[in-house]
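**Q** Handing you a structure now.
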Amino acid sequence: MVNHGDRIAALEQTVDGLLPIMDTVPELRTSLGQRLDDLDRRVLQAEVDIENISRDSEGDRQTAATEGLLRGGGNQVGGAANPTSATQKLKIPEPKPYSGARNAKEVENFIFDVEQYFDVVGGLEEAKKMNAHQTFDDGTDDDSDDADQTEPVGAFNAIVGSISEALAETSAGILVAFESKQVEGALNGDGWRNARATFYGDKTGGETMQGACGYGNLFHQGYGLETAALSTALFHNGATCGACFEIMCVNTPQCNAGVKITITATNFCPPDYSKTADVWCNPPQEHFDLSEPMFLRIAKYKAGVVPVVYRRVKCQKKGGIRFEIKGNSYWILVLVYNVGGVGDVANVKIKGSKTGWITMSRKWGQNWQTSAQLVGQSLSFQVQTSDNRWVQSDNVVPHNWQFGQNFEAKNNFNP
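Next up, the structure:
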C-alpha cells in the first residue's frame, strides 16, 4: 500500500531544497556576467601587451643585426658559424588573435599559442645572447643585456598570470551556471540530472573503506571500488546508502567522452561551512565524491572536479541479502548490505524463533537496531526498499549465532 503522507513530505522537502536555488539564480547570472566581462577586458589587454612585446622584440633583432654589420660580423666569425645571422632571417609567426568567445577552451588554446610563440622567441634571443658573448666579449661583467632579453618573458608571464587568474575566478561561476540549468537534449527525457564529481583516496581505495553508511571492508562486502560518497542533498541522513547511480562526465574537455560508470552510495561527503569556494558537498549541491579509479574512468586526473549527469539505476548484486550482527545481549545492531533492486533500505523487521515480527529502527547508515533479547534464537528478516518492495528471508541466522558474524539470505531483490 502506497504511503501518500511520506511521498507528500518528500515532495515538500524537495521543493524546500529548490527554493534557495531559484532565489540565487539571478544573483549568480549577474556575478557570472561580471566575471566574464572582466575576462574579456584582461584578454584584450593581453593582446595589446603581446603586440607591444612583439614590436619591441622585432626592434631588438634589427638593432642586433645592425650592430653585427658594424662590427664586421658576416656569416662566419673565426671559422665558426654565426647563429645570429640565421635568427635574423627567421620569420616567427605570431599567435592568432583571441576571438573574444566566452569559452574556457578558446582561452586555453589562445594561451597555448602564446606560450609556443614565446618559447620560440625566447630560444632565438638566447642564441643571440650566446653568440654575442662568445664573439664580442670584452671581459666586462655586464648583466644589462641579460635583463633586456628576459623582459619579454617576464611580460609574458604577467599576461598568462592575469588570464589564469581571471579563468580561476570565472570557473566557479561557470560550474554554478551549469548546475542551475536543465539537463540538455535527450538526456533529460532519460531521467538524468545535473551534478558534479570529485574523487578522494588513492588508486587502492584505502580511504574509501568504512564510512558513514556503516559498511566495512568494501572489497569483502562486494562493493569494491565502484563507490561514492554523497553530498548532503543526496545522502538524506543515510537513507540513500546502498542506492546505485549511473554517472557520466559532460560539458568539459576533461571528460572521457561517453563513458558511463555505475556506483553504489557507501559514504557521506560532509559539508564545510567555513569555506566560500570549492564547497562541492555543501547544501543544496548534488555531488559525488568518487573513488579515484572510478573518477579516472570518466575524466582526466588533472580535472579534479567535473560537471556530470546522473540517474538512479537498479543495483546488480551477486548472491543474497547479507546481515552482519553486532551489539550485546541487550541491544542488537544489524548491518544490512548487498541489497539488489533500488538498493536503499527503508525498513527492516526481525523475528526470533520465539517472537513475532519486531520493527527495527535506523541507527545510522544501513545499521538497524532493536533492544529485543534474541540471543539463542534463530533469526528471520523482512527488508523493505525505498520503492516499497519487501523481501522476507526466513531462518537466515541459526540459533547458535555469535556477535560479529554475518549471514547471507537465499533471496534478494530482483532488478
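Numbers 13 to 427, taken from our numbering, label the letters of the sequence shown in order.
Think of the CB as a built atom: it goes at the ideal place given N, C-alpha and C, for glycine as much as any other residue.
All of these numbers come straight from a predicted model, not from anything done at the bench.
#1: For a test of the three-state rule: what should DSSP assign to Ala-159, helix, strand or coil?
#2: Should Ser-319 go down as buried or exposed, given a rule of 16 or more other Cβ atoms within 10 Å for buried?
#3: Give me the Cβ distance between Thr-239 and Thr-276, rounded to the nearest whole Å; I'm assuming they're in contact under 8 Å.
#4: Helix, strand or coil: which one does DSSP assign to Tyr-212?
#5: Under the three-state reduction of DSSP, which class applies to Leu-179: helix, strand or coil?
#6: Going by beta carbon distance, what residues of the same chain come within less than 6 Å of Val-346, once the five residues before and after it are set aside?
#7: For Asp-290 and Val-317, what's the separation of their Cα atoms in angstroms?
#8: Does Asn-424 pass the burial test, meaning 16 or more other C-beta atoms within 10 Å, or should it be called exposed?
#9: Quick one: what's got a C-beta closer than 6 Å to Ala-98's C-beta in the same chain, skipping five residues either side?
#10: Excluding the 5 residues flanking Leu-246 on each side, which residues of the same chain have their C-beta closer than 7 Å to its C-beta?
#11: Out of Pro-296, Gly-254, Ser-392, Asn-206, point me to the one whose CA is closest to Gly-236's CA.
#12: Return the residue from the list Phe-211, His-411, Asn-418 that minimises the CA-CA distance to Phe-280.
#13: Keeping to the same chain, check which residues put their C-beta closer than 6 Å to that of Glu-258; ignore five residues upstream and five downstream.
#14: Taking the alpha helix (DSSP H) that Pro-305 belongs to, which residues open and close that run?
#15: Do you know offhand how far Gln-414's Cα is from Cys-267's?
#16: Per DSSP, what kind of secondary structure is Tyr-342 in: helix, strand or coil?
#17: Taking all protein chains shown into account, decide if Arg-208 is buried (16 or more other Cβ within 10 angstroms of its Cβ) or exposed.
#18: Taking the alpha-carbon positions, what's the Pro-283 to Pro-410 distance?
#19: Give the range of the beta strand (DSSP E) segment to which Phe-419 is assigned.
#20: Assuming Phe-247 is part of the beta strand (DSSP E), what are its boundary residues?
#21: Across which residues does DSSP place Cys-267 in a beta bridge pair?
#22: Do Gly-234 and Gln-378 come within 8 Å of each other at the CB atom, strictly closer than that value?
#23: Let me confirm a value: Lys-422 is counted as buried when at least 16 other C-beta atoms fall within 10 Å, else exposed. Which label applies?
#24: Taking only the alpha-carbon atoms, compute the straight-line gap between Asn-340 and Gly-203 and give it to the nearest angstrom.
#25: Would DSSP call Asp-290 helix, strand or coil?
#26: The ligand NAP and Asn-400: does any heavy atom of the ligand fall closer than 7 Å to the residue's C-beta?
#27: Using the rule of at least 16 other Cβ atoms within 10 Å of the residue's Cβ for burial, across every protein chain shown, is Asn-206 buried or exposed?
#28: Would a C-beta distance cut-off of 8 Å place Gly-352 and Asn-418 closer than the cut-off?
#29: Who are the near neighbours of Gly-331 in its chain, counting only those whose CB is closer than 8 Å to its CB and skipping five residues on each side?
#30: Could you name the residues of the same chain whose beta carbon sits closer than 6 Å to that of Lys-366, not counting the 5 residues immediately before and after it, in chain order?
#31: Applying the 10 Å Cβ sphere with the 16-neighbour rule, what's the burial state of Ala-311?
#32: Based on DSSP bridge pairs, tell me the residues matched to Asp-301.
#33: Output the residue ranges of the beta strand (DSSP E) runs that lie fully inside the region 310-387 and measure 3 residues or longer, sorted by chain position.
#34: Identify the continuous beta strand (DSSP E) that holds Gln-404 and give its terminal residues.
#35: Please identify the residue among Ser-243, Cys-256, Gln-385, Gly-364 whose C-alpha is closest to the C-alpha of Trp-292.
#36: Taking only three categories from DSSP, how would you classify Thr-252?
**A** This is what the structure holds:
#1: Residue 159 sits at position 147 when you count from the first residue of the sequence shown. Confidence is the limiting factor: at Ala-159 the pLDDT is only 46, short of 50, which leaves the residue's position unreliable, though a coordinate-based value still follows. Three-state result, Ala-159: helix.
#2: Here the question's residue 319 lines up with position 307 in the sequence shown. According to the sequence provided, residue 319 is Pro. The question's Ser does not apply to it. Buried: at least 16 other Cβ atoms inside 10 Å.
#3: Position 227 of the sequence shown, counted from the first residue, corresponds to residue 239. Position 264 of the sequence shown, counted from the first residue, corresponds to residue 276. Their Cβ separation, rounded to whole angstroms, is 6 Å, which keeps Thr-239 and Thr-276 in contact under 8 Å.
#4: Position 200 of the sequence shown, counted from the start, is the residue given in the question as residue 212. Residue state, collapsed to three classes: strand.
#5: Numbered from 1 along the sequence shown, position 167 holds the residue referred to as residue 179. Any reading at Leu-179 must be qualified, since the residue scores a pLDDT of 49, below 50, and its modelled position is unreliable; no value is offered.
#6: If you number the sequence shown from 1, residue 346 lands on position 334. Closer than 6 Å at the Cβ level, and outside the excluded window around Val-346, lie Phe-335, Ile-337, Trp-380.
#7: In the sequence shown, residue 290 corresponds to position 278, counting from 1. In the sequence shown, residue 317 corresponds to position 305, counting from 1. Computed Cα separation, rounded: 9 Å.
#8: On the sequence shown, position 412 is the one that residue 424 refers to. It counts as buried.
#9: Here residue 98 corresponds to residue number 86 of the sequence shown, with the count starting at 1. Confidence at Ala-98 is low in this model, with a pLDDT of 42, below 50, so the placement of that residue should be treated as unreliable; the coordinate-derived value is given next. Contacts found: none.
#10: The sequence position of residue 246 within the sequence shown is 234, counting from 1. Cβ within range, chain order: Thr-252, Glu-298.
#11: In the sequence shown, counting from the first residue as 1, residue 236 sits at position 224. Closest option to Gly-236, Cα to Cα, is Gly-254.
#12: Here the question's residue 280 lines up with position 268 in the sequence shown. The alpha carbon of Phe-280 has as its nearest neighbour, out of Phe-211, His-411, Asn-418, the alpha carbon of Phe-211.
#13: Reading the sequence shown from its first residue, position 246 is the one you call residue 258. Hits under 6 Å: Lys-272, Thr-274, Arg-323, Val-325.
#14: Indexing the sequence shown from 1 puts residue 305 at position 293. Segment 304-310, the alpha helix (DSSP H) holding Pro-305.
#15: For the purposes of this step, residue 414 is taken as residue 402 along the sequence shown, with counting starting at 1. For the purposes of this step, residue 267 is taken as residue 255 along the sequence shown, with counting starting at 1. Answer to the nearest angstrom: the Cα atoms are 48 Å apart.
#16: Here the question's residue 342 lines up with position 330 in the sequence shown. Coil, per DSSP.
#17: As a working note, residue 208 is residue 196 in the sequence shown. Answer is buried; the Cβ neighbour count reaches 16.
#18: Within the sequence shown, residue 283 is the residue found at index 271, counting from 1. Within the sequence shown, residue 410 is the residue found at index 398, counting from 1. Using only the alpha carbons, I get a separation of about 42 Å.
#19: Here residue 419 corresponds to residue number 407 of the sequence shown, with the count starting at 1. Element bounds for Phe-419: 418-420.
#20: The sequence position of residue 247 within the sequence shown is 235, counting from 1. Run containing Phe-247: none in the beta strand (DSSP E); it sits in the alpha helix (DSSP H), 244-247.
#21: For the purposes of this step, residue 267 is identified with residue 255 of the sequence shown, where counting begins at 1. DSSP output for Cys-267 lists Ala-311 as bridge partner(s).
#22: Taking the sequence shown and counting its residues from 1, the one referred to as residue 378 is at position 366. Taking the sequence shown and counting its residues from 1, the one referred to as residue 234 is at position 222. Contact flag unset, no.
#23: Numbered from 1 along the sequence shown, position 410 holds the residue referred to as residue 422. The residue is exposed, with fewer than 16 neighbouring Cβ atoms inside 10 Å.
#24: In the sequence shown, residue 340 corresponds to position 328, counting from 1. In the sequence shown, residue 203 corresponds to position 191, counting from 1. The alpha-carbon atoms of Asn-340 and Gly-203 are separated by roughly 44 Å.
#25: As a working mapping, residue 290 is identified with position 278 in the sequence shown. In the structure shown, Asp-290 sits in coil (DSSP, three-state: anything other than H, G, I, E or B).
#26: Judged by which ligands are present, the structure shown has none, so any question about the ligand NAP falls away.
#27: The count along the sequence shown starts at 1 and reaches residue 206 at position 194. That one is buried.
#28: Locating residue 352 in the sequence shown gives position 340, counting from the first residue. Locating residue 418 in the sequence shown gives position 406, counting from the first residue. No.
#29: The sequence position of residue 331 within the sequence shown is 319, counting from 1. Excluding positions up to five away in sequence, the list reads Gly-234, Asn-350, Glu-420, Asn-424.
#30: On the sequence shown, residue 366 is found 354 positions in, with the first residue counted as 1. Closer than 6 Å at Cβ, skipping near neighbours: Gln-389.
#31: Counting from 1 along the sequence shown, the entry for residue 311 is found at position 299. Ala-311 is buried by the Cβ-count criterion.
#32: Walking along the sequence shown from the start, residue 301 turns up at place 289. DSSP, once it has assigned bridges, lists Thr-210, Ala-241 as partnering Asp-301.
#33: 318-325, 334-340, 343-349, 357-364, 369-371, 373-376, 379-382
#34: Along the sequence shown, read from residue 1 onward, the residue named residue 404 stands at position 392. Run containing Gln-404: 402-409, per the beta strand (DSSP E) assignment.
#35: Along the sequence shown, read from residue 1 onward, the residue named residue 292 stands at position 280. When Ser-243, Cys-256, Gln-385, Gly-364 are compared, the shortest CA-CA separation from Trp-292 is found for Ser-243.
#36: For the purposes of this step, residue 252 is taken as the residue at position 240 of the sequence shown. The answer is coil: DSSP assigns Thr-252 none of H, G, I, E or B.
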